[in-house]
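Everything on this sheet refers to the single structure shown next.
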Amino acid sequence: MEFLVWDGLILGTRWLLYIGAAAAIGGASSLWLMQHHVALKRTLMRYILSATLVAFGAAIMHFLVRVGEAYDEGLKGMFDPEMISFLWESPLGQALSLRSTGLLVLLVGLLFLLLVKSSNRTEKIELGVLEGFLALLGTGLIALSFSEAGHAVEQPLLFQLTLAVHVIFTAWWMGSLYPLWLACHRLSFTDAHALLDRFGQLAVGALILLLAGGVYMSYQLTGWTNLFSSDYGILLIVKVCLVGVILLLAAFHKIILVPRLQHAPNATVLKRSIFLEKVIGASIFAITTVLTTLVGPVH
Amino acid sequence: MKRLKSLLAVTSIALSSNLFAHGVMHETFPSNGASMTDPTDRIELTFKNPTKLVSLKLVDGANSPMPIKFERSQEAATHFESMFPALQQGTYSVHWKAMGTDGHMMKGSFEFEQQ
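Here the protein sequences come in this chain order: A and B. Quick note on numbering: the first sequence equals residues 1 to 299 in my numbering. Quick note on numbering: the second sequence equals residues 1001 to 1115 in my numbering.
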């Protein structure tokens, strides 16, 4: 039973980390995409700020849960100094330090924008080189942290870079869903249409990279053998099926619902559908937590 | 919640069976299920790949921990040995936990009998 509790905590904190990091990265890029819309500014900043804090807390909790699991003497084992320092020097500690540095850099960029440059709530967001640089640096560090521990460690550099790109574009897509929903909710249909249309154009390139990366990484890890006879393989297939569903939904948005905004001004169906996309995205994240932490590829 | 629990249960079973399938452990002394006629005064673990041994516990048939010498080390190795005073007659279990070079935690246990 205790084993189940630790596994549950490991998966839960990692899931929160994925969601928080995606919202922080996707939120930051939405701030750029939606910089002309003052009506979204405050909510977007609050979204990024809370996402960064959730990701930060989840990253630390995930590490402490790993400590507790290793110590194996109940929940108090999470705070054993000797085990903390042992794990801090392991790949788990390196991943934590890299991703918390990335989140801090992102936070500094956001606070600079919020408190120094753009403190007037009625002004539109003026994104400068410094905030842009900090956001990109933070995003890069967070993405690279996922190659510090886990199955990517023993893979070639190309794999690690592919994983980082995969993480960035997944985060961008999933983290943009709430801002896009917000745009449908608050902006005029013409403005919302323009934004969603632009996002749809950018998403095509991102999706090609995501799929190509996914194909390459799954081949590197499994050689596409034992897919139906191993737990890793079966979970991977479930993940691919859900990715298929979310792609169909995204195509439905791009081809049918978004163009419809122009002619029939009613965003209710699109808003509901974006919410569904978020739920499927969260399930894909949940399966990925099991794939990356609990089960391993079998060659 | 019930469904989540059963999913976790399935995953955990999958994980433990995976560990055996992976075969991270090359051999142990005493070997699993061994019946020792000579007094046992040490445990040896030999892994297939370099690992960091995180914990090593020896318990008797009543599940009480036996005093053994074990110091956690940051050095990854394939072979670990722990000495202790010769055991009394009875059944014993060894529980180990180790971390692979990628940070994944592995665990396992084996039993032996001291005659």
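No residue lacks a Cβ here, since even glycine has one placed at the ideal position from N, Cα and C.
Return yes when the Cβ of residue j is within less than 8 Å of the Cβ of residue i, no when it is not.
i	j	result
Gln1115/B	Thr1037/B	yes
His193/A	Pro297/A	no
Gly138/A	Leu103/A	yes
Trp181/A	Phe275/A	yes
Asp1041/B	Glu154/A	no
Leu291/A	Leu227/A	no
Ala70/A	Leu87/A	yes
Leu183/A	Met34/A	A small correction: the amino acid at residue 183/A is Ala; Leu does not occupy that position in the sequence shown. Against a cut-off of 8 Å, the Cβ pair of Met34/A and Ala183/A comes out as a contact.
Ile25/A	Ala149/A	no
Met1099/B	Ser147/A	no
Val165/A	Leu141/A	no
Val67/A	Asp80/A	yes
Met1077/B	Pro1050/B	Note that residue 1077/B is Ala in the sequence shown, not Met. Yes, the pair counts as a contact, with Cβ atoms nearer than the cut-off.
Glu1111/B	Asn1032/B	yes
Leu177/A	Glu73/A	no
Val1024/B	Leu1058/B	no
Arg14/A	Thr293/A	yes
Taking the alpha-carbon positions, what's the residue i to residue j distance?
i	j	result
Leu340/A	Leu115/A	Because chain A here runs from 1 to 299, residue 340/A falls outside it and cannot be looked at.
Thr289/A	Leu11/A	6 Å
Leu196/A	Lys1052/B	50 Å
Trp224/A	Val215/A	10 Å
Lys124/A	Met1105/B	49 Å
Ile84/A	Leu157/A	29 Å
Leu202/A	Trp173/A	10 Å
Thr268/A	Val167/A	30 Å
Ala51/A	Gly281/A	16 Å
Ser1073/B	Phe1047/B	15 Å
Ala1021/B	Phe1084/B	Low confidence applies to Ala1021/B: its pLDDT is 33, below 50, so where it sits in the model is not reliable, and the reading given next is rough at best. Cα to Cα, the separation comes out at about 31 Å.
Ala135/A	Gly109/A	6 Å
Leu270/A	Arg186/A	13 Å
Tyr47/A	Gly27/A	7 Å
Phe1070/B	Val1054/B	10 Å
Ser273/A	His253/A	8 Å
Quick check on the burial criterion: 16 or more other C-beta atoms within 10 angstroms. Buried or exposed for residue i?
i	result
Met78/A	buried
Glu1044/B	exposed
Ile208/A	exposed
Ile19/A	buried
His37/A	buried
His1026/B	exposed
Arg99/A	buried
Val279/A	exposed
Val295/A	buried
Leu248/A	exposed
Val204/A	exposed
Trp32/A	exposed
Ile246/A	buried
Ala264/A	exposed
Thr122/A	exposed
Glu1081/B	exposed
Would the beta-carbon of residue i be found less than 7 Å away from any heavy atom of the ligand COA?
i	result
Thr52/A	Looking for the ligand COA in the displayed structure turns up nothing, as the structure carries no ligands at all.
May I ask which residues mark the beginning and end of the alpha helix (DSSP H) holding residue i?
i	result
Leu49/A	38 to 71
Ser176/A	157 to 186
Asp191/A	189 to 222
Would you kindly report the start and end of the unbroken beta strand (DSSP E) that includes residue i?
i	result
Gly1090/B	1090 to 1100
Ser1035/B	1034 to 1036
His1079/B	1077 to 1083
Gly1108/B	1105 to 1114
Glu1027/B	1025 to 1029
Original post:
Going along the chain, which unbroken runs of the beta strand (DSSP E) with 3 or more residues stay wholly within the segment 229 to 297 of chain A?
Top reply: none
Subject >> Continuous beta strand (DSSP E) assignments of at least 3 residues falling wholly in the segment 87 to 153 of chain A >> reply: none
Original post:
Using Cβ-Cβ distances below 7 Å, what residues of the segment 147 to 164 of chain A are close to chain D?
Top reply: The structure shown contains no chain D; its protein chains are A and B.
Subject >> In chain order, each beta strand (DSSP E) run of at least 3 residues that lies wholly inside the segment 1036 to 1066 of chain B >> reply: 1042 to 1060
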